[in-house]
Ligand code: PGA
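Numbering (my numbering), first residue to last: 8 to 280.
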């Protein structure tokens with residue numbers, strides 16, 4: 008089995024560097040107690056102000072091989088003047104490997120359109136980071152499939168099959184994200200239905216992975232290359248349900264990733280699956 012991926016999306020937390028260090032030190036200690044056998048990889052996505060410090064901490068003995076640095080956003084362009092943005096080349100210098108794109112808080116609270124997300128996704132690929140592309144419906148209404156279809160088409164617009172295959176896609180229904188009122192996690196079953204629907208759209212609209220297959224037959228969903236994560240109210244009580252699914256390669260954890268005890272519990276449970 009491939010290693011599962013756990014992405015810690017710290018959002019605009021924690022309040023102090025000391026707390027951030029506490030999470031990393033606690034995680035490092037736990038990884039040390041696991042010995043050689045680690046069934047997961049970690050990606051820490053701190054707010055920009057802590058990226059450099061986290062990069063330094065990731066050189067700690069046990070984190071060094073299991074944990075990677077991610078950013079929560081990227082400027083759509085590399086060189087032009089863009090107040091408030093952080094460019095790809097700047098992130099590269101800090102050792103960033105992954106970048107979250109299209110998080111629902113940026114789409115719905117800041118107002119980032121699909122077209123801006125698409126430009127940022129191109130920036131991530133151009134700078135050779137691994138994109139973690141968030142896709143998810145705002146509400147589970149009758150037409151949510153249509154909504155997802157349009158979001159997928161617009162977000163990945165203009166990308167080649169090869170480029171899409173380099174993406175990690177995080178299915179994060181907005182209503183399931185812990186900071187939204189009435190949030191509760193999706194069920195693995197229903198998340199998988201949405202994931203399969205996203206795959207179908209990508210296969211149909213972007214010829215993935217048919218562009219590479221030897222025959223003209225429609226590719227099987229099981230051969231689909233981009234990997235999928237689930238995100239939305241993941242915690243130590245429900246993480247096993249998602250991790251057990253072979254078509255869910257990991258989780259994107261928000262709130263629970265800045266509580267060091269809860270975060271390490273998530274790792275402990277994943278290590279036992
Ligand atoms: P949550 O956030 O785990 O707090 O629901 C997930 C996310 O927004 O990425």
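Idealized CB from N, CA, C, for every residue including glycine.
- With a cutoff of 8 Å, residue 277 does not count as near the ligand PGA, since its C-beta is closer than that to no heavy atom of the ligand.
- Residue 142 carries a strand assignment under DSSP once its states are collapsed to helix, strand and coil.
- Under DSSP, residue 257 forms a beta bridge with 12 and 236.
- DSSP places residue 271 inside the alpha helix (DSSP H), whose first and last residues are 267-278.
- In the structure shown, the three-state DSSP call for residue 75 is strand.
- The beta carbons of residue 49 and residue 73 sit closer together than 9 Å.
- Per DSSP, the continuous beta strand (DSSP E) segment holding residue 50 begins and ends at 47-52.
- A heavy atom of the ligand PGA is found nearer than 8 Å to the CB of residue 186.
- By the Cβ criterion, the region 268-277 is in contact with the region 8-17, since at least three pairs of Cβ atoms, one from each stretch, lie closer than 8 Å.
- The criterion of a C-beta distance shorter than 9 Å is not satisfied by residue 140 and residue 117.
- Short of 8 Å from the beta carbon of residue 236, and not among the five residues preceding or following it, lie these beta carbons of its own chain, in chain order: 12, 14, 139, 175, 176, 177, 178, 255, 256, 257, 258 and 259.
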